[in-house]
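*Asks:*
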Amino acid sequence: MMKTITVLPGDGIGPEVTASAVRVLKSIFSTSNRNVQFIEKKIGGAAIDAYGTPLPQETINQCHHSDAILLGAVGGPKWNQQSMQLRPEQGLLGIRKAMGLFANLRPVEAFQALVDASPLKQSFVEQVDFVIVRELTGGLYFGRPSERLGPNQDRVVDTLAYSRQEIQRVVEKAFQLALKRRRKITSIDKANVLESSRMWREVVNETAKRYPEVAVTHQLVDSAAMQLITNPSQFDVLVTENMFGDILSDEASVLTGSLGMMPSASLRADKVGLYEPAHGSAPDIAGQGKANPLATILSAALLLRYSLDMDTEAAQIETAVRQILNQGIHTSDLHVANHEDQIVSTSEMTDHVIHAINANRT
Ligand code: IPM
Ligand code: MN
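Below is the structure:
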């Protein structure tokens, strides 16, 4: 049966890094007899320029008819002056919401070749292997009202709202994931201040009763921010509210050397998912062939694993990326501990990954 992957390159380096990941995927599909079509649509600033909106209906419709979505990045200085409804970021938030992708998984794993690239001591970083499960379609990002108030518009409100069911489904995902890992969940909240966090904690404790094999702890978000730096190897699965997860995942990315290495998967109850690098559109280096495609290539691996049941091929991508980095080959954003460093372009990096995958298969 034919599968459909919709590609949303977006802005800045988005088109370059998604082109890389698509090349890797096409190479894998061609040698594994999979019938997959790729359809490209616009999102973010590119969509504003073409259609006057960051999320055209055509893009939403196409995503609804897809098995998986691969997204690059959105945003750039060109669109910074726009009103809120017309900002590229609204395209990204809009597609997550429209598709109901409530669970955002961000794996944080040490790459041996990159431990020197981390600002933290090697001994802290080597053991790092956890996943952040960030709630993605509720909380502070989507709560209403969110507006200026008063006759002079000099009051402002944002709302952190959740239904019990919205918390339950993402917490459930985290427990399911923990079963496949080291069976340890850290739930992160601000229950000493926020009512939403107290309900979050309740739901986690209720869910925990059905998973006696999973060890659960609660951490306050401020303390967790510190623990991520002082003792990162304690974590296996972290689960948290939308904005806490946004902030902590950028913090966590430096553990493994670079935001340019961090993939993400946004999932719901069925197999449909959206896959994107955790980094932004890096307009300063766009179009120069300098962008690191690995976060998007690793996101493509997650796409194979979660949306297409191709675990073996997903692992082949991950192994190839490790091998290439261990050989000292990398884009200019990384610092690899190797005497024979070789700095390569976006497309050369992609070639290396594809060659390594093919070499490992034969
Ligand atoms: C992310 C990004 C987005 C978010 C922005 C671009 C809206 O920072 O994916 O983490 O805050 O979710
Ligand atoms: Mn973010």
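Mapping of the sequence shown onto my numbering: position 105 corresponds to residue 1031, and the numbering continues sequentially without gaps.
Just so it is clear, CB atoms sit at the ideal spot from N, CA and C, and this is done for glycine as well.
(1) Quick one: does the C-beta of aspartate 1176 sit closer than 7 Å to a heavy atom of the ligand MN?
(2) Would you list the residues sitting across from valine 1165 in a DSSP beta bridge?
(3) What does phenylalanine 964 pair with, by DSSP beta-bridge criteria?
(4) Beta carbon of glutamine 1038, beta carbon of asparagine 1252: below 8 Å?
(5) How far does the alpha helix (DSSP H) with tryptophan 1148 in it reach, from first residue to last?
(6) Secondary structure at alanine 994, three-state DSSP: helix, strand or coil?
(7) Quick check: the stretch 1035-1055 against the stretch 1140-1147, are there 3 or more CB pairs under 8 Å?
(8) According to DSSP, is proline 1138 part of a helix, a strand, or is it coil?
(9) Can you find the residues in the same chain that come closer than 6 Å, C-beta to C-beta, to lysine 929, ignoring five residues on each side of it along the sequence?
(10) Roughly how many angstroms separate the alpha carbons of glutamate 966 and glycine 1213, rounded to a whole number?
(11) Following a CB-centred definition, is aspartate 937 positioned closer than 7 Å to any heavy atom of the ligand MN?
(12) Drop a sphere of 10 angstroms on the beta-carbon of aspartate 1172, count the other beta-carbons inside from all chains shown, and report buried for 16 or more, exposed for fewer.
(13) Throw me the rounded Cβ distance for the glycine 949 and threonine 1276 pair, which I believe falls under 8 Å.
(14) Is it buried or exposed, methionine 1152, if we count other Cβ atoms within 10 angstroms and call 16 or more buried?
(15) Once you ignore the five residues that flank serine 1113 on each side, which residues in its own chain have a CB closer than 6 Å to its CB?
(16) Taking the alpha-carbon positions, what's the serine 1159 to aspartate 1055 distance?
(17) Starting from the Cα of isoleucine 1111, find the closest Cα among Val1057, Ala945, Gly1069, Leu1075 and give me that residue.
(18) For the stretch 965-983 against the stretch 1256-1271, do three or more pairs of beta-carbon atoms, one drawn from each stretch, fall closer than 8 Å, so that the two count as touching?
*Replies:* Answer, in terms of the structure:
(1) Within the sequence shown, residue 1176 is the residue found at index 250, counting from 1. True, at least one ligand heavy atom lies under 7 Å from that Cβ.
(2) Residue numbering aside, residue 1165 sits at position 239 when the sequence shown is read from its first letter. Answer by DSSP bridge pairing, in chain order: Val1059, Ser1113.
(3) Taking the sequence shown and counting its residues from 1, one reaches residue 964 at position 38. Beta-bridge pairing links phenylalanine 964 to Ile931.
(4) Numbered from 1 along the sequence shown, position 112 holds the residue referred to as residue 1038. Numbered from 1 along the sequence shown, position 326 holds the residue referred to as residue 1252. Yes, they are a contact pair.
(5) As a first step, residue 1148 must be located in the sequence shown, where it is residue number 222. According to the sequence provided, residue 1148 is aspartate. The question's tryptophan does not apply to it. It spans 1147-1156 - the alpha helix (DSSP H) in which aspartate 1148 sits, taken as one unbroken run.
(6) Your numbering for residue 994 matches position 68 in the sequence shown. DSSP, reduced to helix, strand and coil, places alanine 994 within a strand of the structure shown.
(7) These segments do not touch.
(8) Taking the first residue of the sequence shown as position 1, residue 1138 is located at position 212. In the structure shown, proline 1138 falls within a coil segment according to DSSP collapsed to helix, strand and coil.
(9) The residue you call residue 929 lines up with position 3 of the sequence shown. Within the same chain, Cβ atoms closer than 6 Å to the Cβ of lysine 929 are found at Val962, Asp993, the five residues on either side in sequence being excluded.
(10) By one-based count along the sequence shown, residue 966 stands at place 40. By one-based count along the sequence shown, residue 1213 stands at place 287. For glutamate 966 and glycine 1213, the distance between alpha carbons rounds to 19 Å.
(11) Taking the sequence shown and counting its residues from 1, one reaches residue 937 at position 11. In this structure, aspartate 937 has its CB at a distance of at least 7 Å from all heavy atoms of the ligand MN.
(12) Indexing the sequence shown from 1 puts residue 1172 at position 246. Burial call: buried.
(13) Sequence index remark: in the sequence shown, residue 949 carries index 23 (1-based). Sequence index remark: in the sequence shown, residue 1276 carries index 350 (1-based). As written in the sequence, residue 949 is arginine, which differs from the glycine given in the question. The beta-carbon distance between arginine 949 and threonine 1276, rounded to whole angstroms, is 6 Å. This is short enough to meet the 8 Å contact definition.
(14) One-based indexing of the sequence shown puts residue 1152 at position 226. By the beta-carbon neighbour count (other beta carbons within 10 angstroms, threshold 16), methionine 1152 is exposed.
(15) Position 187 of the sequence shown, counted from the first residue, corresponds to residue 1113. Short of 6 Å from the beta carbon of serine 1113, and not among the five residues preceding or following it, lie these beta carbons of its own chain, in chain order: Val1130, His1144, Val1165.
(16) As a first step, residue 1159 must be located in the sequence shown, where it is residue number 233. As a first step, residue 1055 must be located in the sequence shown, where it is residue number 129. Serine 1159 and aspartate 1055: Cα-Cα distance of roughly 7 Å.
(17) Numbered from 1 along the sequence shown, position 185 holds the residue referred to as residue 1111. For isoleucine 1111, the nearest C-alpha among the options comes from Val1057.
(18) Touching, no, given that fewer than three Cβ pairs across the two stretches are closer than 8 Å.
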